[in-house]
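Read through the structure below, which is laid out as structure tokens, and then see the notes.
2 protein chains.
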Amino acid sequence: MAKTSGKSDMLPGTLEMLILKTLTLGEMHGYGIAAHIQRLSADVLQVEEGSLYPALQRLQLKGWVSSAWGKTPTNRRARYYKLTAAGRKQLASEVSDFSRVLGAIQAVMEGT
Amino acid sequence: MAKTSGKSDMLPGTLEMLILKTLTLGEMHGYGIAAHIQRLSADVLQVEEGSLYPALQRLQLKGWVSSAWGKTPTNRRARYYKLTAAGRKQLASEVSDFSRVLGAIQAVMEGT
DNA sequence: CAACCTACCATAGATAATCTATGTATAGGT
DNA sequence: ACCTATACATAGATTATCTATGGTAGGTTG
Numbered sequence: 005m006a007k008t009s010g011k012s013d014m015l016p017g018t019l020e021m022l023i024l025k026t027l028t029l030g031e032m033h034g035y036g037i038a039a040h041i042q043r044l045s046a047d048v049l050q051v052e053e054g055s056l057y058p059a060l061q062r063l064q065l066k067g068w069v070s071s072a073w074g075k076t077p078t079n080r081r082a083r084y085y086k087l088t089a090a091g092r093k094q095l096a097s098e099v100s101d102f103s104r105v106l107g108a109i110q111a112v113m114e115g116t
Numbered sequence: 005m006a007k008t009s010g011k012s013d014m015l016p017g018t019l020e021m022l023i024l025k026t027l028t029l030g031e032m033h034g035y036g037i038a039a040h041i042q043r044l045s046a047d048v049l050q051v052e053e054g055s056l057y058p059a060l061q062r063l064q065l066k067g068w069v070s071s072a073w074g075k076t077p078t079n080r081r082a083r084y085y086k087l088t089a090a091g092r093k094q095l096a097s098e099v100s101d102f103s104r105v106l107g108a109i110q111a112v113m114e115g116t
């Protein structure tokens, strides 16, 4: 059994922005990032692990997040990610792009 | 030289919705559809021909649009596309999905 | 103590949607 | 005669997602 309606989990191109935004709340491990996004979105956004980890690696390669191994409060091994300064700038830029494109889409969807 | 800011032309996953919406205004040829989207979006959305024609073919295969050759007002050969009844339903469904996902994204982007 | 569940990381391969580049054709203007 | 804009179309590359799989380890339950 499954979703109320609709078929897709994610809007392609938005996952990195969601991850960066989540990391503004403090450093977090991958599993926690996914859980956070899923929770705040009321389960609308499902972050699959096969999307999540490659995305985190891309973000690291680009220097927007850094990471280190650590322990969770429940004593489990986990890789903790945190935003870099460059990552903060990138987030601002992605937010601004997104809202620009979103405005454009809405203009078309309301257009005569 | 190029765009004011930002890098990407389209939000992947939204082009078919934009095309379907455009066709609610009446039948139109491919080039005209692209021009319309670009114009209403104040040039933010650039519909490349390499994206447009494959998308139109997908829409036809799924039975959401139909097409026929015709002549433009300026006497050029062009393929005119029009929404089918199934296409109208599909558009409604895509609009509803899009706003649901968008709401979810915004919830994350505003979240604590 | 064995079985199981959940948290947690990670990769390989498939799928899908876009872009870049290229090619064709023709109407109308200069 | 040439050029530009309109118009269609495809091939191949790129990118981002998903599906499926596999592993490790802590805690709980039978």
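Chains as they are written, first to last, in my numbering: chain F, 5 to 116; chain D, 5 to 116.
Idealized CB from N, CA, C, for every residue including glycine.
None of the values given here were measured: they were computed from a predicted structure.
From the DSSP output, in three-state form, read off residue i for me.
{"i": "D/Lys25", "result": "helix"}
{"i": "D/Ala89", "result": "helix"}
{"i": "F/Gly74", "result": "strand"}
{"i": "D/Met32", "result": "strand"}
{"i": "F/Val112", "result": "helix"}
{"i": "F/Ala59", "result": "helix"}
{"i": "D/Ala46", "result": "coil"}
{"i": "F/Arg104", "result": "helix"}
{"i": "D/Val99", "result": "helix"}
{"i": "F/Ala6", "result": "Any reading at F/Ala6 must be qualified, since the residue scores a pLDDT of 36, below 50, and its modelled position is unreliable; the value itself is stated next. Reduced to three states, the DSSP call for F/Ala6 is coil."}
When we look at the beta-carbon of residue i and count the other beta-carbons within 10 Å, is it buried (16 or more) or exposed?
{"i": "D/Glu98", "result": "buried"}
{"i": "D/Gly30", "result": "exposed"}
{"i": "F/Trp73", "result": "exposed"}
{"i": "F/Thr8", "result": "Because F/Thr8 sits at a pLDDT of 44, beneath the cut-off of 50, its placement in the model cannot be relied upon, and the following sentence gives the value as read from the coordinates. Flag for F/Thr8 reads exposed."}
{"i": "F/Lys25", "result": "buried"}
{"i": "D/Ser45", "result": "buried"}
{"i": "D/Gly67", "result": "exposed"}
{"i": "D/Leu87", "result": "buried"}
{"i": "D/Leu95", "result": "buried"}
Taking residue i and residue j to be in contact with their CB atoms under 8 Å, please state how far apart those CB atoms are, rounded to whole angstroms.
{"i": "F/Asp13", "j": "F/Leu49", "result": "7 Å"}
{"i": "F/Leu60", "j": "F/Val51", "result": "With 8 Å as the limit, F/Leu60 and F/Val51 do not qualify as a contact, their Cβ atoms being about 11 Å apart."}
{"i": "F/Leu15", "j": "F/Tyr85", "result": "About 22 Å separates the two Cβ atoms, so there is no contact after all."}
{"i": "F/Ser71", "j": "F/Arg83", "result": "5 Å"}
Going by the CB atoms, is the gap between residue j and residue i shorter than 9 Å?
{"i": "F/His40", "j": "D/Gly115", "result": "yes"}
| request: Take every Cβ of the region 10–24 of chain D, pair it with every Cβ of the region 55–63 of chain D, and state whether three or more of those distances are shorter than 8 Å. | output: The region 10–24 of chain D makes contact with the region 55–63 of chain D, as at least three CB pairs between them are under 8 Å.
| Touch test, the region 100–111 of chain F against the region 31–40 of chain D, Cβ-Cβ under 8 Å, three pairs minimum | Contact between the region 100–111 of chain F and the region 31–40 of chain D is absent, because fewer than three Cβ pairs lie under 8 Å.
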